[in-house]
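Heads up, the sequence shown is in the numbering used here, so the first residue is 583 and it goes up one at a time. Positions of the beta carbon are idealized from the N, C-alpha and C atoms, including for glycine.
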Amino acid sequence: MTEQTPVTETTAKAVPVLPDAQTVTEVKHYTDSLFSFRVTRPASLRFRSGEFVMIGLMGDPDPKTGKQRPLLRAYSIASPSWDEEMEFYSIKVQDGPLTSKLQHVKAGDQIILKPKPVGTLVHDALLPGKRLYFFSTGTGFAPFASLLREPQTYEDYDEIIITHTCREVAELTYGRDLIEGLKTDELLNEVIGEGFWKKIKYYPTTTREESPKMGRITTLIENGELFADLGVPAMDPATDRAMVCGSLAFNLDIKELLEKAGLNEGANSEPGEFVIEKAFVG
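Right under this line is the structure:
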């Protein structure tokens, strides 16, 4: 007969469960200000690659009432629609209400995930074309991490150009590693077709630390360097499509350049030549 532990108030106390809780399965830190994490996926959740959801944690207890409220923010889903888990790519803001807490999560912890995906960076919002541009800064790479692993991206386009602009070289690690990983991803090479990744032209730039290519992508578009470096013609509304995700100022600057080239903004209800993720700030 085995000895049984008496049930005390401490051992019987239930572990608090967050509303819409999902469990963290993996965390990777890239720099002092960037990290990614994966969580379990709700069985009923369906989303289109490129969409975002609201995720978060419980806030600090109210000093007077002791009640906690959820801290929620819009996060692009970095994993593709077919993935069994969900991946997110985040900045760390030391005094940020949510990211100051979120950056400390580890495998086994829980986060809140609202299962209502939305967003404009989806294939349905673009008219058919030949060449697709992804323009991103910082963690704005996240939705494109999803779309770069989405079979439809390669079915719909002959060429995919992904630009990623950051201040320092280390901040490019997440995107660079993901793109390199596509070459040896057996599942994707089998599903999409051997060598599908050859359609990708990756164009990373830095604005502060020295790297092989420096400069703001807006400047490199305006002076024609982007097109010369990649060996492609200037943007043409007849063949080129674009998705944009970055800071508000970046989004507005790229939008102006795209419209100047003759491209029109699209939406889920009315597809066009380019779309911008308005929910993203970072």
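Is DSSP giving residue 758 helix, strand or coil here?
As a working mapping, residue 758 is identified with position 176 in the sequence shown. In the structure shown, residue 758 sits in a helix (DSSP, three-state: H, G or I).
Report the partner residues of residue 826 according to the DSSP bridge assignment.
One-based indexing of the sequence shown puts residue 826 at position 244. Partner(s): 717 and 858.
Helix, strand or coil: how does DSSP classify residue 792 here?
For this step, residue 792 is matched to residue 210 along the sequence shown. Coil at residue 792, not helix or strand.
On the three-state DSSP scale, how would you describe residue 734?
Indexing the sequence shown from 1 puts residue 734 at position 152. Looking at residue 734 - three-state DSSP - the assignment turns out to be helix.
Can you give me the C-alpha to C-alpha distance between residue 741 and residue 667, rounded to a whole angstrom?
For this step, residue 741 is matched to residue 159 along the sequence shown. For this step, residue 667 is matched to residue 85 along the sequence shown. Cα to Cα, residue 741 sits roughly 28 Å from residue 667.
Determine the burial state of residue 705: buried for a count of at least 16 other Cβ atoms within 10 Å of its Cβ, exposed for fewer.
In the sequence shown, the residue the question calls residue 705 occupies position 123. Label assigned to residue 705: buried.
Helix, strand or coil: which one does DSSP assign to residue 724?
Translated into positions along the sequence shown, residue 724 becomes position 142. Three-state result, residue 724: helix.
Just how far apart, CA to CA, sit residue 785 and residue 645?
Taking the sequence shown and counting its residues from 1, one reaches residue 785 at position 203. Taking the sequence shown and counting its residues from 1, one reaches residue 645 at position 63. C-alpha separation (whole angstroms): 49 Å.
Give me the DSSP bridge partner(s) of residue 638.
Position 56 of the sequence shown holds residue 638. Bridge partners of residue 638: 654 and 694.
Within its chain, find whatever has a CB closer than 8 Å to the CB of residue 626; leave out the 5 residues flanking it on each side and keep chain order.
To locate residue 626, count along the sequence shown from 1; it is residue 44. Once the five neighbours on either side are set aside, the close Cβ partners of residue 626 are 697.
Could you tell me the distance, in whole angstroms, from the CA atom of residue 775 to the CA atom of residue 632?
One-based indexing of the sequence shown puts residue 775 at position 193. One-based indexing of the sequence shown puts residue 632 at position 50. Answer to the nearest angstrom: the Cα atoms are 21 Å apart.
Does the contact criterion of 3 or more C-beta pairs under 8 Å hold for the segment 598–612 versus the segment 797–805?
no
Candidates 824, 806 and 811: which alpha carbon is nearest residue 738's?
As a position in the sequence shown, residue 738 is number 156, starting the count at 1. Of 824, 806 and 811, the residue nearest in Cα terms is 824.
What residue does the beta strand (DSSP E) around residue 616 start on, and which one ends it?
On the sequence shown, residue 616 is found 34 positions in, with the first residue counted as 1. Residues 616–622.
Let me confirm a value: residue 664 is counted as buried when at least 16 other C-beta atoms fall within 10 Å, else exposed. Which label applies?
Indexing the sequence shown from 1 puts residue 664 at position 82. It is exposed - the Cβ of residue 664 has fewer than 16 other Cβ atoms within 10 Å.
Presumed contact (8 Å Cβ cut-off) between residue 791 and residue 826, rounded CB distance
One-based indexing of the sequence shown puts residue 791 at position 209. One-based indexing of the sequence shown puts residue 826 at position 244. Contact doesn't hold; Cβ gap of about 24 Å is too wide.
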